[in-house]
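J.: Terminal number for the sequence shown in this note's numbering: 147, no gaps in between. Just so it is clear, CB atoms sit at the ideal spot from N, CA and C, and this is done for glycine as well.
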Amino acid sequence: MARAVLALGSNLGDREGFLAFAVFSLSRLPQTQVLAQSQWRETAPVDVPEAFVELTFLNGAVLIETQLSPEVLLDAALAIEAEAGRVRTVRNGPRPLDVDLILYEGERRNTAQLTLPHPRAHLRDFVLDPLRDLGFSAKDVQENRFP
């Protein structure tokens, strides 16, 4: 089993409900268990179109243990987003749920579908603050290191 970290975010509708749905859905994946969850944090949007700067996010993170490969886990995360109603029409636009694979223990990727560790996570407080709840530093994220 490998550990992985996923960042969660929502800026539409019942944000807390969508984040709880993501945690529940991740816990129901085969050969996967949620080990820890951060606190939820209200955050300002970053890199969003001007029309959506008033839509604040609720963000958090989860640490899981899984036998799923990074690619299968990413596919599952995208399916969870879609089940929550996410439709990708505007780049960085509003979303009921965002589930990003940030780290996967012992694995690095740089493909069209997946980059591990996440290339910008160590630069974004809305990702780092919840990860600190789970015991990670920016350097841990940058180096794909699990404390």
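1. In three-state terms, what does DSSP make of residue 13?
2. If you draw a straight line from the alpha carbon of residue 47 to that of residue 91, how long is it in whole angstroms?
3. Taking the continuous beta strand (DSSP E) assigned at residue 98, which residues delimit it?
4. Cα separation between residue 71 and residue 55?
5. Rounded to whole angstroms, how far is the Cβ of residue 60 from the Cβ of residue 130, which I believe are closer than 8 Å?
6. Please say whether residue 36 and residue 62 have beta carbons closer to each other than 8 Å?
7. Taking C-beta to C-beta, are residue 84 and residue 96 nearer than 8 Å?
8. According to DSSP, what are the bridge partners of residue 60?
9. Who are residue 53's beta bridge partners in DSSP?
10. How is the beta strand (DSSP E) around residue 72 delimited, first residue to last?
11. Using the three-state DSSP reduction, which class does residue 34 fall into: helix, strand or coil?
12. CB residue 10 to CB residue 57, shorter than 8 Å?
13. Just to confirm the assignment, what range does the alpha helix (DSSP H) spanning residue 132 have?
14. Using only the alpha-carbon positions, how far apart do residue 139 and residue 145 sit?
15. With distances taken between CB atoms, is the gap from residue 64 to residue 31 smaller than 8 Å?
16. Are the beta-carbon atoms of residue 7 and residue 100 separated by less than 8 Å?
T.: Checking against the coordinates, here is how it stands:
1. Under the three-state reduction of DSSP, residue 13 is assigned to coil, being neither helix nor strand.
2. Their backbone Cα atoms lie some 9 Å apart in a straight line.
3. First-last of the beta strand (DSSP E) with residue 98: 98-104.
4. Just so you know, the alpha carbons of residue 71 and residue 55 end up roughly 30 Å apart.
5. With 8 Å as the limit, residue 60 and residue 130 qualify as a contact, their Cβ atoms being about 5 Å apart.
6. The answer is yes: Cβ separation under 8 Å.
7. The answer is yes: Cβ separation under 8 Å.
8. Residue pairing of residue 60 in beta bridges, as defined by DSSP: 8.
9. Its beta-bridge partners do not exist; DSSP assigns none.
10. In the DSSP annotation of this structure, residue 72 is not part of any beta strand (DSSP E); the continuous alpha helix (DSSP H) holding it starts and ends at 70-83.
11. If DSSP states are grouped into helix, strand and coil, residue 34 belongs with the strands.
12. Inclusion of residue 10 and residue 57 in the CB contact set at 8 Å is warranted, their separation being smaller than that value.
13. 125-133 is the extent of the alpha helix (DSSP H) around residue 132.
14. For residue 139 and residue 145, the distance between alpha carbons rounds to 8 Å.
15. No, the pair does not count as a contact, with Cβ atoms beyond the cut-off.
16. If you check the CB distance, residue 7 and residue 100 come in under 8 Å.
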